[in-house]
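Here the numbering used here runs 681 ahead of the position in the sequence shown, where the first position is 1.
In this text, a Cβ means the ideal position worked out from N, Cα and C, and glycines have one as well.
Have a look at the structure below, then the notes.
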Amino acid sequence: MTRIQRDFPQAESVHRLDMATSGVIVVALNKAAERELKRQFREREPKKQYVARVWGHPQPGGRPRGFTADLRLAEPAKAEGVL
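Following this line, the structure appears as structure tokens:
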């Protein structure tokens, strides 16, 4: 948040999505936006959609609709900059 506030001193953190991972921080640049965004999160209006960028080729006989990745990219305390 301090890096954001260097360029935008009025910025207020509204919500941290997926805090246990390397989630996104939602920031408001004015009080009206902050109030509205907090209301939306309180009422659970925002929806999340995850997109995976992959490379390579699927293995023959693999599941056509997806897979589960049980590994983290980084520990939460070290996740800064990890997407």
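Under DSSP, A713 shares a beta bridge with no residue. Counting of Cβ neighbours within 10 angstroms places A733 among the exposed residues, the total staying below 16.
For K719, the closest alpha carbon among the candidates I685, R684, H696 is that of H696.
For V708, the closest of H738, I685, V735, G737 by C-alpha to C-alpha distance is I685.
In the three-state reduction of the DSSP assignment, R697 falls in the strand class, which pools E and B.
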